[in-house]
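Chains as they are written, first to last, in our numbering: chain L, 30 to 440; chain S, 30 to 440. Before any comments, here is the structure.
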């Protein structure tokens, strides 16, 4: 079959707050081929991603993402890898393309899995899946008291691991951060797995990160995440020499395989955290999982949004038994929960399992998303390149393509 | 003063061909503050870059680029560095932001230079400038005969250095590439400086690149550029071990300081090529020039478009005497030439010199760009976030800001 249509849906909460909560909007991707549809989600700014799908060509290595996907052959897994390679070559100079490709890649896997009646984890080469230990992933409270309450709430919901990040952490004094870390440990109990996320707050400032190590060690944090931006390999490496039993985690900013490889090779990471919605999709994330395994670095998903994104982000390392921790969005906005009818709830043992059903195993609920749909239109030279498509899933025949899709039909 | 307006102009040739010529369209940036305007140019896909300027906020680290620039203080060079840092932090998860910032940063330097009556190269810390040896930068011909003619043309125009890239190179047999390389050398003469640009055609395939080394050595190519994508550090390094007197060049794909640093640290480069229109502007490029100098790697500009971009791309290393080669767009499309009234023509000695006049020293010709202006409109929730602004430069008072700019006034 051939890829017939790519529809992007910009979804948003009515109000987006200036906080580190990435579940406030979403870019849902629907791909149609051979009478099937597949869904994916970009962890990306919606409007620039939409523009990167449909923009006019600038030159041979700066084409819109759609140019490499629409009309492409889609019969087996190697076709999806080939589509990704084509996007990276044909959109080499279009920076946003990796983020846009990510959601499309997920949707292609979902679609192919449905077509072949196989779960994606099997199509990407795993024989079986292993349950993951979810960590309750939330923002720090504004005060240590709020953080304490959040940590207690995590335990009361059955989570034995929790991660606290962003918010005030790293932005004020070392003493205030120590109070936050101690509150998280107290609320989680002595036997909880405590994870701390600095959200790149120190950019590349080694000294600032170093000052927080004693409190992290005292609280027996399992990791300190993103003390620096992804590029600060030297600073990462030095901090990892000094952090003792506190592992260093990072990698969510990686938008291609090489960036993740460099973090694994040069940053002294204990954990590499990959967002399948940014790195180029499940295909690239799967490559990183293999590479991490070969280098003794533990792979962890990065997911703060929907359960569609959660399923997609677990597929790449579903078959690695001892890479067992996984991020679990704990306080997503209603929009993120509305994207799917089913959700990956922890079992009675507290573990999360991927579905065995075809594709990503998630039932997207287009009709339920109407309240969140952001009406968007892009016009260039009087021609509509993009207009928010209808949410209701039409499968066969595919919807009549907008202008930009007509330009890129199969040859 | 405060930044009052950012206007983006999407310019394009009437027809954009599927060839590696990046001068077929442009994104011109005009920044207004204190009754002055400054100009810059993003080496980027125009539509996604426009979208990244004006898109709604997704969360605290995924804000539109405008949010960190409009209303910001602009009185001295440190303000420009601070604006760039703010964009990188506030738009951390907006991938396209680095490309968009690049043109804005140039425009800020241009504006500040005009305000302070100083050339930009002085504001970025150089005491004087040194002339550069321009290389005539063109695409390979479709045949060796065409390449031969292009090389002879370069010499006849007084250039003693020339670079041939993209086109058929690397896409067919080794023998065909050898013919192309030999034709370039023949046309350039034995004493010419010959440079070859593979345009990432081998992605990360070391064996494919290695096969071309004998012909490059025979032709005494001074460098092989971009055999691989920017991330393939290991492959770059290995090739540089084997390439003898043929230097390895790369880096144009870098969109932040760290990427360039990694190429300098880990890729075995002889030359690091920085496009100020992609890496985050003159500010970041200047940092890379210092770092390259400290590591014994030669800095070279990457410029294939206008003379505005050329001036901006030479500022970062204008004061380094022995980093003397510079890329010179030799066959730009009429659009690229129309952007400025003046051009950086080689002197009678064949050398290119930066102007001593304030700012970037280039006189942008807005009125002459009307034929190339691409009418563009972006609407979200019924609100116009972007509409192509008028080309005629209004300075004081600034134009009434569109809706998105009203959202981000100085506090």
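Note that beta-carbon positions come from the ideal geometry of N, C-alpha and C, so glycine has one too.
Check whether the Cβ atoms of residue i and residue j lie closer than 7 Å to each other.
| i | j | result |
| --- | --- | --- |
| residue 331(L) | residue 281(L) | yes |
| residue 68(L) | residue 405(L) | no |
| residue 354(L) | residue 324(L) | no |
| residue 189(L) | residue 216(L) | no |
| residue 261(S) | residue 225(S) | no |
| residue 273(L) | residue 255(L) | no |
| residue 275(S) | residue 245(S) | yes |
| residue 72(L) | residue 370(L) | no |
| residue 301(S) | residue 163(S) | no |
| residue 116(L) | residue 94(L) | yes |
| residue 168(L) | residue 84(S) | no |
| residue 268(S) | residue 238(S) | yes |
| residue 136(L) | residue 81(L) | no |
| residue 305(S) | residue 266(S) | no |
| residue 277(S) | residue 253(S) | yes |
| residue 356(L) | residue 166(L) | yes |
| residue 119(L) | residue 161(L) | no |
| residue 322(S) | residue 150(S) | no |
Which residues in chain L sit within 7 Å of residue i, going by Cβ to Cβ distance?
| i | result |
| --- | --- |
| residue 331(S) | Result: empty, since nearest Cβ-Cβ is about 11 Å, beyond 7 Å. |
| residue 133(S) | Correct list: empty, because the minimum Cβ distance to chain L is about 15 Å. |
In chain order, what residues of the same chain have a beta carbon less than 8 Å from the beta carbon of residue i, not counting five sequence neighbours either side?
| i | result |
| --- | --- |
| residue 113(S) | 130, 134, 309, 310, 312 and 313 |
| residue 47(L) | none |
| residue 394(L) | 367, 368, 369 and 370 |
| residue 316(S) | 286 |
| residue 428(L) | In this predicted model, residue 428(L) has a pLDDT of only 44, less than 50, meaning its place in the structure is not dependable; the value taken from the coordinates is given anyway. Same-chain partners within the cutoff: 34, 36, 61, 418 and 419. |
From the DSSP secondary-structure annotation, give me the bridge partner or partners of residue i.
| i | result |
| --- | --- |
| residue 165(S) | 191(S) and 357(S) |
| residue 88(S) | 91(S) |
| residue 279(S) | 301(S) |
| residue 39(L) | 56(L) |
| residue 405(L) | 409(S) |
| residue 223(L) | 191(L) |
| residue 102(S) | 31(S) |
| residue 369(S) | 393(S) |
| residue 419(L) | BP columns for residue 419(L) are empty, so no partner. |
| residue 253(L) | 225(L) and 277(L) |
List, in order along the chain, the chain S residues whose C-beta lies closer than 7 Å to that of residue i?
| i | result |
| --- | --- |
| residue 410(L) | 403 and 404 |
| residue 77(L) | 77, 80, 81, 84, 123 and 125 |
| residue 30(L) | Near residue 30(L) there are no residues of chain S at all, since even the closest Cβ is about 26 Å away, more than 7 Å. |
| residue 229(L) | 121 |
| residue 128(L) | 124 |
Take residue i and list the residues in its own chain whose beta-carbon comes closer than 7 Å to its own, dropping the five residues that flank it on each side.
| i | result |
| --- | --- |
| residue 365(L) | 52, 55, 334, 335 and 358 |
| residue 110(L) | 312 |
| residue 264(S) | 233, 235 and 257 |
| residue 62(S) | 30, 31, 32, 33, 103 and 140 |
| residue 157(L) | 348 |
| residue 402(S) | 38, 40, 417 and 420 |
| residue 320(L) | 290 and 293 |
| residue 350(L) | 159 |
| residue 376(S) | 382 |
Chain L partners of residue i, CB-CB under 8 Å?
| i | result |
| --- | --- |
| residue 86(S) | 45 and 47 |
Name, please, each residue of chain S whose Cβ falls closer than 9 Å to the Cβ of residue i.
| i | result |
| --- | --- |
| residue 285(L) | 258 and 260 |
| residue 51(L) | 87, 88, 90, 91 and 122 |
| residue 73(L) | 87, 91, 122, 123 and 124 |
For residue i, I'd like the list of residues in its chain whose CB is within less than 6 Å of its CB, leaving aside the five on either flank, ordered along the chain.
| i | result |
| --- | --- |
| residue 318(L) | 328, 345 and 346 |
| residue 43(S) | none |
| residue 426(S) | Here the model assigns residue 426(S) a pLDDT of 41, short of 50, so the residue's position is not dependable, and the following value carries that caveat. So no residue of the chain qualifies. |
| residue 212(L) | 173, 176 and 177 |
| residue 79(S) | 37 and 415 |
| residue 121(S) | 90 |
Measure the beta-carbon distance from residue i to residue j and round it to whole angstroms, keeping in mind my assumption that it falls under 8 Å.
| i | j | result |
| --- | --- | --- |
| residue 388(L) | residue 132(L) | That belief does not hold up - the Cβ atoms of residue 388(L) and residue 132(L) are roughly 14 Å apart, past 8 Å. |
| residue 340(S) | residue 373(S) | 6 Å |
| residue 442(S) | residue 124(L) | Given that chain S is displayed from residue 30 to residue 440, the structure contains no residue 442(S) and the question cannot be resolved. |
| residue 70(S) | residue 398(S) | Wrong, their Cβ atoms sit about 12 Å apart, outside the cutoff. |
| residue 196(L) | residue 49(L) | 7 Å |
| residue 206(S) | residue 198(S) | 6 Å |
Which chain L residues are close to residue i, counting only those with a beta carbon under 9 Å from its beta carbon?
| i | result |
| --- | --- |
| residue 288(S) | 260 and 288 |
| residue 54(S) | 85, 86, 87, 88 and 91 |
| residue 291(S) | 260, 262, 291 and 295 |
| residue 308(S) | Within 9 Å Cβ-Cβ: nothing; residue 308(S) doesn't reach chain L, min ~11 Å. |
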